[in-house]
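First comes the structure, then the notes that go with it.
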Amino acid sequence: MSVDTKPAPDAKTLEKVRQLMALAIDEEASEEEARSASHRAIKLMHEHELAVIPKSALDDFRRSVEGVKALQAKAKESKTENMLMGLAIGAFLGKKLF
16 MSVDTKPAPD
26 AKTLEKVRQL
36 MALAIDEEAS
46 EEEARSASHR
56 AIKLMHEHEL
66 AVIPKSALDD
76 FRRSVEGVKA
86 LQAKAKESKT
96 ENMLMGLAIG
106 AFLGKKLF
């Protein structure tokens with residue numbers, strides 16, 4: 016099974032989408048300007064497979080990633096502790112048995 020992935024959009028494309036979205040909601044823009052900017056932003060987002068998500072969802076995602084990283088670090092520490100404990104017990108038993 017292959018996954019079809021596109022390269023990440025460049026900074027210029029992201030900035031263009033941001034500008035178009037800002038124009039689309041600008042109260043000083045004419046209705047036609049706002050509609051045109053909205054359509055162009057949607058077209059670029061579709062072409063580059065971009066999505067708009069609420070900042071709160073992005074913040075939740077970042078916290079989740081930080082939590083996973085913390086768990087990974089803790090698991091790594093735990094594995095190291097267990098390995099060292101195993102070595103110490105092995106060395107102790109080795110001296111007692113042999």
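Residue numbers for the sequence shown follow our numbering, beginning at 16 and rising by one.
Every residue gets a Cβ at the ideal spot worked out from N, C-alpha and C, and that includes glycine.
Is the beta carbon of Ala-56 closer than 9 Å to that of Ala-44? Position 29 of the sequence shown, counted from the first residue, corresponds to residue 44. Position 41 of the sequence shown, counted from the first residue, corresponds to residue 56. For Ala-44 and Ala-56, no; Cβs fall outside 9 Å.
If you compare alpha carbons, which of Lys-27, Glu-47 and Ser-53 is closest to Ala-37? Here residue 37 corresponds to residue number 22 of the sequence shown, with the count starting at 1. Comparing Cα-Cα distances from Ala-37 to each of Lys-27, Glu-47 and Ser-53, the minimum goes to Ser-53.
Do the segment 57 to 66 and the segment 79 to 90 make contact, defined as three or more Cβ pairs closer than 8 Å? no
Since I believe Val-32 is in contact with Leu-59 (beta carbons under 8 Å), could you give me their beta-carbon distance rounded to a whole number of angstroms? By 1-based counting over the sequence shown, the position of residue 59 is 44. By 1-based counting over the sequence shown, the position of residue 32 is 17. Contact flag correct, Cβ pair sits at about 5 Å.
How many Å lie between Gly-105 and Lys-70 at the Cα? Looking up residue 105 in the sequence shown gives position 90. Looking up residue 70 in the sequence shown gives position 55. Distance between the alpha carbons of Gly-105 and Lys-70: 52 Å.
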